[in-house]
Amino acid sequence: MAAAARLAARARPISSPNPGVGALMVRDGRVIGRGWTQICGRPHAEAHLLQSMSCDPGGSTLYVTLEPCAHHSERGPSCADLLVAARPSRVVIGQADPDPRTAGQGASRLDRAGIQTSVLEDDASFESLKGYLSVRTMGRPYLTLKLAMSLDGCIALANGTSQWITGEMARAHCHANRAKNDAILVGGGTWRADRPQLNVRLSGLEGRSPKRVLLSRGVKPDDVSIINRPDQIAELAGVQYLYLEGGAETASSFLKDDLVDELHIYRAPILIGKGLRSIGSLGLPDLASAHDRWKLHRELRLGSDTFTAYSRLRK
Numbered sequence: 424m425a426a427a428a429r430l431a432a433r434a435r436p437i438s439s440p441n442p443g444v445g446a447l448m449v450r451d452g453r454v455i456g457r458g459w460t461q462i463c464g465r466p467h468a469e470a471h472l473l474q475s476m477s478c479d480p481g482g483s484t485l486y487v488t489l490e491p492c493a494h495h496s497e498r499g500p501s502c503a504d505l506l507v508a509a510r511p512s513r514v515v516i517g518q519a520d521p522d523p524r525t526a527g528q529g530a531s532r533l534d535r536a537g538i539q540t541s542v543l544e545d546d547a548s549f550e551s552l553k554g555y556l557s558v559r560t561m562g563r564p565y566l567t568l569k570l571a572m573s574l575d576g577c578i579a580l581a582n583g584t585s586q587w588i589t590g591e592m593a594r595a596h597c598h599a600n601r602a603k604n605d606a607i608l609v610g611g612g613t614w615r616a617d618r619p620q621l622n623v624r625l626s627g628l629e630g631r632s633p634k635r636v637l638l639s640r641g642v643k644p645d646d647v648s649i650i651n652r653p654d655q656i657a658e659l660a661g662v663q664y665l666y667l668e669g670g671a672e673t674a675s676s677f678l679k680d681d682l683v684d685e686l687h688i689y690r691a692p693i694l695i696g697k698g699l700r701s702i703g704s705l706g707l708p709d710l711a712s713a714h715d716r717w718k719l720h721r722e723l724r725l726g727s728d729t730f731t732a733y734s735r736l737r738k
């Protein structure tokens, strides 16, 4: 399932608005087919896998990160029906699909056809589908807050100068993370002060630049989507992964509304002293309220800078 989840990463975010799914076909301990969701969601991972195979899938085991769809469309049969026709001996599913058009029906259809079917609800599949599952279960995109700061927690000098706190490797890493998201969001103050490009400036990935979104009640630039409040992010059609890059008050407003799922922190080995802080007030009533909220899940050295990623602990 971990290998199938790594395949699913190839579909993020190009599969939007469909989930990015990965699939592996295995027989006698050898991988005989690979597939992942293609651009704009078609073909699905299972269909892509079956189309690419040069041998009969009969007697094999399919590992797929999300339950095969059970609904038909004008673009072709359901993945569950394709698999029934292909006749693998076994299908191992990473996550059940909360879409009511499938929601257990895909697995049930396979099982009724005599294909041994199991649903694991494993962590690797969940991680690869977190944007889709967030939209389906919480009605909003999976939101990552990115902060680039000094050792003492500043994002700019007191006069607002912020280029560049981190080095080239950290900035390239940030652009790679932008390319994994459907949309990127900043606040009105950041837009007015910096006019950020909010795109991907890595060779070969320029076409992966996310949609641009602005949290603002006044500024309405062309080619940028507008939301007025943090709790309006459900209105961003087709967005499963949202990357929030500032500023401080915008970051704190999303944190206060408990809408941030992941933190990406780039920290440079510099001290600024009296500067602009990375986030504004969170309105915490006491220090105890700040604990047991975040779990470290990744740490990297990027030249002289460090990158740490934290996932929100869900109770």
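Here the sequence shown is numbered in my numbering, starting from 424 and rising by one per residue. No residue lacks a Cβ here, since even glycine has one placed at the ideal position from N, Cα and C.
Check	Outcome
With DSSP as the reference, label residue 566 as helix, strand or coil.	strand
Under 8 Å: do the stretch 599-613 and the stretch 697-706 share three or more Cβ pairs, one atom per stretch?	no
What residue range does the alpha helix (DSSP H) around residue 502 cover?	502-509
Would you tell me roughly how many angstroms separate the C-alpha atoms of residue 516 and residue 451, rounded to the nearest one?	19 Å
Pull up the distance between the alpha-carbon of residue 569 and that of residue 671, whole angstroms please.	11 Å
Which runs of the alpha helix (DSSP H) at least 4 residues long sit entirely within the stretch 544-616? Give them in chain order.	546-551, 553-561 and 591-601
On a CA-only basis, which of 483, 464, 528 and 715 is nearest residue 499? Give me that one, please.	464
Between 447, 688, 444 and 707, which has its C-alpha nearest residue 820's C-alpha?	One cannot answer for residue 820 here, as it falls past the ends of the chain, which runs 424 to 738.
Got a sec? Which residues, its chain only, sit under 8 Å from residue 455 by beta carbon, not counting five neighbours each side?	448, 449, 476, 478, 480 and 483
Take every Cβ of the stretch 541-548, pair it with every Cβ of the stretch 558-566, and state whether three or more of those distances are shorter than 8 Å.	no
Could I get the ranges of all uninterrupted beta strand (DSSP E) runs contained in the stretch 649-720, with 3 residues as the minimum, in chain order?	664-667, 685-690 and 698-700
From residue 736 to residue 471, what does the alpha carbon distance come to, in whole angstroms?	35 Å
In chain order, what residues of the same chain lie with their CB nearer than 6 Å to the CB of residue 513, ignoring the 5 residues before and after it?	484 and 539
If you drop the 5 nearest sequence neighbours on each side, which residues of the same chain put their C-beta closer than 6 Å to that of residue 637?	614, 647 and 649
Buried or exposed, going by whether 16 or more other CB atoms sit within 10 Å of the CB of residue 610?	buried
So, using beta-carbon positions, are residue 706 and residue 592 closer together than 7 Å?	no
Under 7 Å, do residue 461 and residue 558 count as touching if we go by C-beta distance?	no
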